[in-house]
Amino acid sequence: MAKKSANLGIQVIIANGKKDGVLDEFASQKLRCTWFEPKKAKQGVKKWLAHGTEYYKGELIVNEGAKNSLHSEVIRSLLPIGITHVIGEFSKGDILVIKDEKGEKLGLGRAEYSSKLALERIGQKNQKALIHYDYLYIFDYD
219 MAKKSANLGI QVIIANGKKD GVLDEFASQK LRCTWFEPKK AKQGVKKWLA HGTEYYKGEL
279 IVNEGAKNSL HSEVIRSLLP IGITHVIGEF SKGDILVIKD EKGEKLGLGR AEYSSKLALE
339 RIGQKNQKAL IHYDYLYIFD YD
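Just so you know, we're using our numbering here: the sequence shown kicks off at 219 and counts up by one.
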């Protein structure tokens, strides 16, 4: 949880809270602790998504090309051409978990349309993104 929070841009410090003067030592930078350096702060939506692993309504299985695209430095949306399977029933606005073909969880996103439309568009080019990059959170495992 500490690493996940730091990846979302939240500073995390683990220290002995029962020790007298711990806050003073922290303020003076003399505290012996474990510190997780925060990455660039994420948007509120991405923070919300990052903690939605228990609330997803459907699953998307993506091919290797989509997996690579999602992990690239360039921000991308998830397009139907990269989706190989749609599992479960969901509506626009529901949280979806994204997995690779080996079943590894890659991230979470908010559906731009229903599972019925997603099933019709699987693997097709020139279709609207199922998950727009503004509503996509990719897990960081490094």
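Built from N, CA and C at the ideal position, the CB exists for glycine as well.
Straight-line gap, residue i to residue j (C-alpha atoms, nearest Å)
i      : j      : result
Glu330 : Lys237 : 49 Å
Glu291 : Gly306 : 30 Å
Gln229 : Glu338 : 43 Å
Val240 : Gly227 : 23 Å
Pro298 : Lys221 : 31 Å
Trp253 : Lys343 : 45 Å
Ile356 : Ala245 : 33 Å
Where the beta strand (DSSP E) through residue i begins and ends
i      : result
Lys317 : Ile313 to Asp318
Phe364 : Limits of the chain in this structure are 219 at one end and 360 at the other, which puts residue 364 out of reach.
Per DSSP, cross-strand counterpart(s) of residue i
i      : result
Glu277 : Ile305 and Val315
Leu324 : According to DSSP, which records beta bridges pairwise, Leu324 is partnered with nothing at all.
Phe254 : Val230
Opening and closing residue of the alpha helix (DSSP H) in which residue i lies
i      : result
Lys285 : Glu282 to Leu288
Leu297 : Element bounds for Leu297: n/a, residue is neither H nor E.
Ser333 : Ser333 to Arg339
Leu241 : Val240 to Ala245
Residues near residue i by beta carbon distance below 8 Å, same chain, minus five either side
i      : result
Ile312 : Inspection of the sequence shows that residue 312 is occupied by Asp rather than by Ile. Excluding sequence neighbours, Asp312 sits near Tyr274, Lys275, Gly276, Arg328 and Ala329.
Glu282 : Asp318 and Glu319
Residue i at chain D interface by Cβ criterion, 7 Å
i      : result
Lys334 : In the structure shown, chain D does not exist; there is a single protein chain.
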